[in-house]
Amino acid sequence: MKYERIKGTQDIYGDEVNYWYFIEENARTVANLYGYEEIRTPIIEPTELFVRSVGEETDIVQKEMYTFTDKGGRSITLRPEGTAPTVRAFIENSMINEGLPQRFFYIGPMFRYERPQAGRLRQFHQFGVELIGSAHASADVEVLLIAKHFLDRIGVRDYMVHLNSIGCPKCRPIYKQKLKEYYESHVDLLCDDCERRLNTNVLRLLDCKIDAHLAEKAPKSFEFLCDECRSHYEELKQKLTELHFDFVEDGTLVRGLDYYTRTVFEIRHRELGAQNTILAGGRYDGLFSELGGQAIPALGFASGIERLVLTLKSQGTNVPRRERCFAYVASLGLKASIEAFKIAEELRKKGVPVINEVNDRKLTAQLKHANKIGAKVVIILGDEELSRSVAHVKLLESFTQVEVSLDVVVDYVLELFSSRS
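For the sequence shown, counting from 1, position 42 maps to 47 in this note's numbering; every step adds exactly one.
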């Protein structure tokens, strides 16, 4: 029987891995530049964690979670996002004892049962950051600067930052009432989901793709902010403006998770069509207390790696190719094979990527394979070379070949490796 991967997943291999390595390496570098430490949480979590944090009326909880009952009768969910697990880990492990603020980043797989399409898979991967322990607008500035720094570093062009404030529990009810009144006046135009959510979670109507034309003319959340939220939002915009950070205000941006408060943002790319959000986030000042911890302000973002790969490809951006093999050791015969492994191990200990011949092929076949996998140097060993304690070193790019004593062949190849462009 031939097995195939599950719908909505993908195998990542060959040159495709270069994009992932490039993005993940730069994500870690940028996070470290801002003092963020990596956190790794389980892929499986209690279902209730996401019901309480993401929101019972969200599409994620209603339609998209991979949930099952384990052998102990517990309801388990494959994580659909990374913020709630980070908050859970922070509370459970009493990380507050280390003081505030604290900064974390994560890279890993998430799972949502969605209709697979370009930029939207059922298993996808995210790079995310979380800044825990500051309610000040300066924290929002830092997180947005990280997002910009990261996208600029990997070479993303033509993106736009959409920014909004959705207020707090004090002022948001006023906005929600105005929003409800607006949609009630257009109830005959609503899709079935929106008609149901009109009385359960009216903010979710702004996420609907079917009724997007109504959202464009809906009341803007920043028009109904309380004094504290307005002050926070104005300070954020002022600081971003003085830092020459480009953004557009989007008064109907609410994001698809219920835990957000005050600042929310999306970064969209112009060439990705419907799935054009490549990074998004915001504040979640009430999430810690909602999940049983102390009231701690926090914010963060997540960026989908699959969409970043699509973005770089759509731009024609070339990423560095990982050096799979600098030297290839071609061997002919049993004794030569043993010596080849000795030489290869010495080079690897010094940091040189080396591949050994393992199929005992003819020399022409070995040279052809070395060229195919991108080797720059081939070390050739056979009975004739061993009898004279030498090796032939072939430079594939210049088509030159030199004879080198076995005593110095490692140093010779190491020098070639160190001086490569």
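Even glycine gets a Cβ: it sits at the ideal position worked out from N, Cα and C.
Keep in mind the model is a prediction, meaning the values are calculated, not measured.
Relative to residue 80, the option among 141, 254, 71 and 291 whose CA is nearest is 71. Taking a contact as a CB-CB distance under 8 Å, the pair residue 348 and residue 385 does not count as one, their CB atoms being some 11 Å apart. Just so you know, the alpha carbons of residue 36 and residue 145 end up roughly 15 Å apart. Looking at the backbone, the Cα of residue 297 and that of residue 50 are separated by about 16 Å. With a minimum length of 4 residues, the unbroken runs of alpha helix (DSSP H) contained wholly in the region 121 to 205 fall at 142 to 159, 177 to 189 and 197 to 202. Between residue 227 and residue 14, the alpha-carbon positions lie close to 39 Å from each other.
Excluding sequence positions up to five before and after residue 402, its CB lies within less than 8 Å of the CB of 381, all in the same chain and listed in chain order. Around the beta carbon of residue 78, fewer than 16 other beta carbons lie within 10 angstroms, which makes this residue exposed. Remark: C-beta atoms of residue 97 and residue 85 do not approach each other more closely than 8 Å. Between the region 137 to 153 and the region 180 to 197, the count of C-beta pairs closer than 8 Å stays below three; the two stretches do not touch. Straight through space, the alpha carbons of residue 425 and residue 334 are spaced by roughly 18 Å. In the three-state DSSP reduction, residue 406 falls in the strand class (E or B). For residue 90, the enclosing alpha helix (DSSP H) covers residues 88 to 97. Residue 82 is bridged by DSSP to 50 and 72.
Residue nearest to residue 184 within the set 171, 207, 201 and 197 is 207 (criterion: CA-CA distance). Under the three-pair Cβ rule at 8 Å, the region 160 to 174 counts as touching the region 239 to 255.
Across the set 112, 268 and 406, the C-alpha of 112 shows the shortest separation from the C-alpha of residue 310.
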